[in-house]
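What follows is one structure encoded as structure tokens, with my remarks underneath.
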Amino acid sequence: MRHQIHDLLAPLPGTARQIHSFHFGPTQAKGKIYIQSSLHADEMPGMLVAWHLKLRLAELEAAGRLRSEIVLVPVANPIGLEQVLMDVPLGRYELESGQNFNRWFVDLGEEIGNEIEGQLNGDPQHNLELIRSSLRNALARQTASTQLQSQRLTLQTLACDADMVLDLHCDFEAVAHLYTTPEAWPQVEPLARYIGAEASLLATDSGGHSFDECFTLVWWQMQERFGEHFNIPLGSFSVTVELRGQGDVNHPLASLDCQALIDYLIHFGAIEGEAAPLPELPYPATPLAAVEPVATPVGGLLVYSVMPGEYLEPGQLIAEIIDPIGDRVTPVHCANAGLLYARSTRRMATAGMVIAHVAGLEAYRTGYLLSP
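Here it is as structure tokens:
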């Protein structure tokens, strides 16, 4: 194992922070896997899974079973990790800018396309290496003017040339689910089976240039621009893995999830060994554009009628909003059929608040598809 420390831009004297990356596998490995956790710093299940994974990878490395380089970043957001206000962790948004930590990574598609134009040829391996080299160089030319930009740039640089990027998150109260692209789904489906993903949500570009999509979008953009004349492979695929809810931080679940990731990496060929049999897929992959964000029209006490993991029929009651002063009870129903995969942890709702997400089958939304 090789431990690397990456200094972030310090906003003030005496406030320096760092990103720590742990590199496993042979130095001249064939292929690279990148795994990080807790980019939203109030989402801890992935950090515990990463710790379990760190111990397992050290054992596998000692046994000579690692075929690929595996880079692990257990604490992807030291800025947000320190944002605790009156005993409440605030790790989703940077307090200074108000920006979501998992949005607005650098979009380099046009710059890279301009740089490689005229250098592509009929060899897909040549084109893959050319694009990766251009991506690394483009990121090296970037300069950060804020600590947040520095953190984003560090993470993006660490992962930019990986064959696979796994970003470990969780939701508020949820079942295991994941986000990836339709193009990557054939490679990701085994992961969905091993991890027991009860929803797998697909979109090529959901808006916001989140961490996972900043990699896949580069390759998609190159295919769109040059694919008619040159063979442009999918040089990287990314997955956001949602490890249930914020409160699901315990060793039994973390050990289970760690083993699922190990099984997937064996299946993928990054770790030597016999792949475990693939479990059944709990729920088919569906478009992210088919997800219904269920909002309440009024504020009040939020009392749920259904649990994450339940399949809902059109118009089914999800919750009641109770006004304890005026005694009004407002039912909230879903419009479409689908799997309720996540719901809010708050129990006092405000008017217009999204209280649940339902994975439907038919796409009906367009434009920006992410939560804030």
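In terms of the working numbering, the sequence shown is numbered consecutively and its last residue is 378. In this text, a Cβ means the ideal position worked out from N, Cα and C, and glycines have one as well. Only a predicted model underlies this, so the values are computations on that prediction, with no experimental measurement involved.
Gly202 and Arg73 have their C-alpha atoms spaced approximately 25 angstroms apart.
Going by C-alpha positions, Thr351 is about 41 angstroms away from Ala144.
With fewer than 16 other beta carbons inside 10 angstroms of its own, Arg8 counts as exposed.
If you draw a straight line from the Cα of Asp211 to the Cα of Glu189, it is about 11 angstroms long.
Rounded to whole angstroms, the gap between the alpha carbons of Leu284 and Val55 is 21 angstroms. Under a 10 Å Cβ-count criterion, Ile85 is classified as buried, with 16 or more other Cβ atoms of the shown protein chains found around its own Cβ. Beta-bridge pairing by DSSP links His12 to Ile25. Ranked by Cα distance from Thr292, the options Thr186, Leu172 and Leu197 are led by Thr186.
Unbroken alpha helix (DSSP H) stretches of 4 residues or longer found wholly inside the segment 98-185: 115-122, 130-146 and 153-165, given in chain order. Using a 10 angstroms sphere on the CB of Arg353, the tally of other CB atoms stays under 16, which defines it as exposed.
With respect to Ile11, His26 sits close: the two C-beta atoms are nearer than 8 angstroms. The Cβ-Cβ distance between Lys60 and Ala168 does not fall below 8 angstroms. Annotation: Leu96 to Val297 spans about 26 angstroms, alpha carbon to alpha carbon. Counting other Cβ atoms within 10 Å of its Cβ, Ser311 stays below 16 and is therefore classed as exposed. Partner residues in the beta bridge of Gln42, as assigned by DSSP, are Val79 and Asp173. Within the segment 260-337, the complete beta strand (DSSP E) segments at least 3 residues long are 291-293, 297-301, 306-310 and 323-328, listed from N- to C-terminus. Contact between the segment 337-347 and the segment 154-173 is absent: fewer than three C-beta pairs spanning the two stretches fall below 8 angstroms.
Taking a contact to require three or more Cβ pairs closer than 8 angstroms, the segment 223-236 and the segment 103-123 qualify as touching.
In this structure, Val77 and Leu161 do not form a Cβ contact; the two beta carbons are roughly 11 angstroms apart against a cut-off of 8 angstroms.
The three-state secondary structure of His235, taken from DSSP, is coil.
With a cutoff of 8 angstroms on beta-carbon distance, Phe243 and Val194 are scored as near each other. The beta carbons of Asn108 and Leu208 sit about 18 angstroms from each other, so the pair does not count as a contact at 8 angstroms. Assigned with DSSP and collapsed to three states, Ala56 falls in helix. Comparing C-alpha distances from Thr372 to each of Ala295, Met170 and Gly344 shows the shortest one belongs to Ala295.
In this structure, the straight-line span from the alpha carbon of Pro320 to that of His58 is close to 41 angstroms. Taking C-beta separations shorter than 8 angstroms and ignoring five residues to either side along the sequence, the partners of Ala22 in its chain run Asp13, Leu14 and Ala16, following chain order. For Thr246, the secondary structure class from DSSP, reduced to helix, strand or coil, is strand.
Sequence-distant partners of Glu316 (beyond 5 residues in either direction) whose C-beta falls short of 6 angstroms from its own C-beta, in its chain, are Leu346.
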